[in-house]
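Trainee:
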Amino acid sequence: MIEHDFTYQIQEILQSHFGNNASTVLKESELLEYLNIKTKSATRGSKSRGSFANHYAIYVLVEDYIKGEFDKNNDYENYEGARYSDLLSRQRELPFGSKLQNHALNHRMNQEFKKYFPTCEYIPILRNSETNRYWINENLLKISVAGAAHNIAYAVIEIIDAYIDIKTDSFHQFIASCEKIQQLQSEDPNKAQEFITSLIQPNMDARIFEIVSFAILKEYYADQVIYWGWTLDSIQKASLILHKTGRTNANDGGIDFVMHPLGRFFQVTETTDVRKHFLDIDKVQRFPVTFVIKSSESIDVITNKISAQAKKSYGVAKIVRRYMECIEEIINVQILLNHFNKVVENNRLQNVIEEIVLQSKVEFNYYQE
DNA sequence: AGCGGTGGGTGGATACCACA
DNA sequence: TGTGGTATCCACCCACCGCT
Numbered sequence: 000m001i002e003h004d005f006t007y008q009i010q011e012i013l014q015s016h017f018g019n020n021a022s023t024v025l026k027e028s029e030l031l032e033y034l035n036i037k038t039k040s041a042t043r044g045s046k047s048r049g050s051f052a053n054h055y056a057i058y059v060l061v062e063d064y065i066k067g068e069f070d071k072n073n074d075y076e077n078y079e080g081a082r083y084s085d086l087l088s089r090q091r092e093l094p095f096g097s098k099l100q101n102h103a104l105n106h107r108m109n110q111e112f113k114k115y116f117p118t119c120e121y122i123p124i125l126r127n128s129e130t131n132r133y134w135i136n137e138n139l140l141k142i143s144v145a146g147a148a149h150n151i152a153y154a155v156i157e158i159i160d161a162y163i164d165i166k167t168d169s170f171h172q173f174i175a176s177c178e179k180i181q182q183l184q185s186e187d188p189n190k191a192q193e194f195i196t197s198l199i200q201p202n203m204d205a206r207i208f209e210i211v212s213f214a215i216l217k218e219y220y221a222d223q224v225i226y227w228g229w230t231l232d233s234i235q236k237a238s239l240i241l242h243k244t245g246r247t248n249a250n251d252g253g254i255d256f257v258m259h260p261l262g263r264f265f266q267v268t269e270t271t272d273v274r275k276h277f278l279d280i281d282k283v284q285r286f287p288v289t290f291v292i293k294s295s296e297s298i299d300v301i302t303n304k305i306s307a308q309a310k311k312s313y314g315v316a317k318i319v320r321r322y323m324e325c326i327e328e329i330i331n332v333q334i335l336l337n338h339f340n341k342v343v344e345n346n347r348l349q350n351v352i353e354e355i356v357l358q359s360k361v362e363f364n365y366y367q368e
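Just so you know, we're using numbering that gives the first Met the number 0 here: the first sequence kicks off at 0 and counts up by one.
This is the structure in structure tokens:
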């Protein structure tokens with residue numbers, strides 16, 4: 000059995016339920032081992048995926064099992080089963096579960112379980128396709144150790160709860176502090192400013208950095224206007240609007256922000272290695288991009304670094320020049336801070352914070368009633 | 001060690017089907 | 001014809017793996 004950081008917590012929970020038998024219970028139970036495998040990412044930081052769907056499929060069924068007190072009354076075999084709609088809506092009430100679909104309950108949980116335990120004779124989720132009712136396989140909940148029967152239903156719930164707690168804790172804290180700052184900002188704008196400043200430091204999580212960059216730049220550009228039109232007498236005034244083109248993590252090779260109506264492209268990166276954005280620059284003409292780089296180095300240093308990489312990759316001066324011409328602007332942490340200060344001067348701090356809270360909730364599927 | 005390719009996992013969208 | 005339940009398609013992330 001694999002052991003990782005969260006395994007220790009699983010063992011602790013089992014100990015509180017089964018005392019000395021805890022380790023045997025864990026060894027004997029495929030379901031617990033499955034949870035152990037699936038909780039590997041618990042302590043891997045906010046960047047790794049939650050993968051809550053299969054956890055929640057087990058969770059809602061076991062919860063239903065406990066609600067019927069089947070761990071005590073021994074009558075599960077006569078139970079009519081749980082309704083699909085109830086299970087699904089319960090899943091969606093759980094943290095980060097608001098977008099879950101039928102996948103886990105219908106197929107994927109069983110499929111994945113079988114992948115890990117090909118010889119296990121039990122299928123975890125049972126269903127009757129005539130009545131559309133669902134059950135957890137009770138055989139997987141009852142573990143017998145030296146002739147004594149142990150029911151792991153409550154332990155399973157506790158383990159998944161603990162997993163949810165770990166996975167969401169830092170995020171909850173983040174949203175909470177945003178909301179606190181939001182209330183606080185009229186009384187103590189300095190505090191709010193300090194907080195935002197801390198969010199765009201180089202050691203910040205990439206997704207948070209992208210969200211905060213977006214919020215600042217959006218407000219910053221909103222103050223700028225251009226005049227444009229199809230004919231001279233139809234020229235109109237427009238403020239620059241920055242759009243986010245998708246979720247941070249659903250954007251492989253895509254562009255992070257687009258500016259209307261100028262059509263500027265913005266790309267947020269963690270490092271000065273921008274080669275991947277200009278991969279075939281020697282063959283194709285590339286669209287100019289503004290890079291928001293999570294670095295406190297000066298623009299000169301960053302530019303030199305990028306230029307050095309380009310030289311190393313292409314060698315030919317002409318292509319290097321074209322490469323550098325495709326970088327419309329570089330925005331580092333300092334420039335972001337300057338822009339931010341300007342936004343604050345214009346009394347738009349509130350908007351920035353609101354945008355951060357909104358975008359974070361979207362990014363992490365977090366909804367609070 | 002760093003890379004590029006690959007395939008499984010995940011979530012969103014939608015097609016399909018049964019039934020009222 | 002709307003609703004609930006299920007299956008499938010698709011895009012994208014990411015872990016993994018073999019190559020250099």
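Cβ atoms here follow ideal geometry from the backbone N, Cα and C, with glycine treated the same way.
1) What is the residue span of the beta strand (DSSP E) that Asn-189 lies within?
2) Can you tell me whether Tyr-371 is helix, strand or coil according to DSSP?
3) State yes or no: is the C-beta of Leu-335 within less than 7 Å of the C-beta of Ile-215?
4) Let me know the secondary structure DSSP gives Lys-141 once reduced to three states.
5) Enumerate in chain order the residues of its own chain whose CB-to-CB distance from Asn-350 is below 6 Å, with the five nearest sequence positions on each side excluded.
6) For Ser-212 and Asp-187, I'd like the C-alpha separation in whole angstroms.
7) Use the C-beta contact count for Val-59: other C-beta atoms within 10 angstroms, 16 or more gives buried, fewer gives exposed.
8) With DSSP run on the structure shown, which of helix, strand or coil describes Glu-79?
9) Looking at the unbroken beta strand (DSSP E) that takes in Arg-132, where does it start and where does it end?
10) To which residues of the same chain is Phe-339 closer than 6 Å at the C-beta, ignoring the five residues directly before and after it?
11) So the candidates are Glu-328, Val-315, Tyr-55; which of them puts its Cα closest to the Cα of Arg-263?
12) With DSSP collapsed to three states, give me the class of Ser-238.
13) Suppose you measure from the CA of Lys-282 to the CA of Leu-357; what does that come to, to the nearest Å?
14) Hey, quick one: how far does the alpha helix (DSSP H) through Ile-334 stretch, first residue to last?
15) Which residues does DSSP pair with Trp-229 in a beta bridge?
16) Tell me which same chain residues have a C-beta within less than 6 Å of the C-beta of Phe-69, skipping the five on either side of it?
17) Taking only three categories from DSSP, how would you classify Thr-38?
18) Use the C-beta contact count for Glu-354: other C-beta atoms within 10 angstroms, 16 or more gives buried, fewer gives exposed.
19) Can you list, in chain order, the residues of its chain whose CB lies under 8 Å from that of Glu-368, leaving out five sequence neighbours each side?
Mentor: Taking the coordinates as given:
1) Not the beta strand (DSSP E): Asn-189 falls in the alpha helix (DSSP H), residues 188-198.
2) There is no way to answer for residue 371, as the model of the chain reaches only from 0 to 368.
3) yes
4) Here Lys-141 carries a strand assignment [DSSP, helix/strand/coil].
5) These residues qualify, in order along the chain: Glu-218.
6) 22 Å
7) It is buried - the Cβ of Val-59 has at least 16 other Cβ atoms within 10 Å.
8) coil
9) 132-135
10) Excluding sequence neighbours, Phe-339 sits near Ile-215.
11) Glu-328
12) Reduced to three states, the DSSP call for Ser-238 is strand.
13) Caution is warranted here: a pLDDT of 49 is assigned to Lys-282, below 50, making its placement in the model unreliable, and the coordinate value is therefore given only provisionally. Lys-282 and Leu-357: Cα-Cα distance of roughly 40 Å.
14) 332-344
15) Answer is none; Trp-229 lacks a bridge partner.
16) Tyr-75
17) Residue state, collapsed to three classes: coil.
18) buried
19) Residue confidence for Glu-368 is low, a pLDDT of 35 falling below 50, so the modelled location carries little weight; the figure read from the coordinates is stated next. Same-chain partners within the cutoff: there are none.
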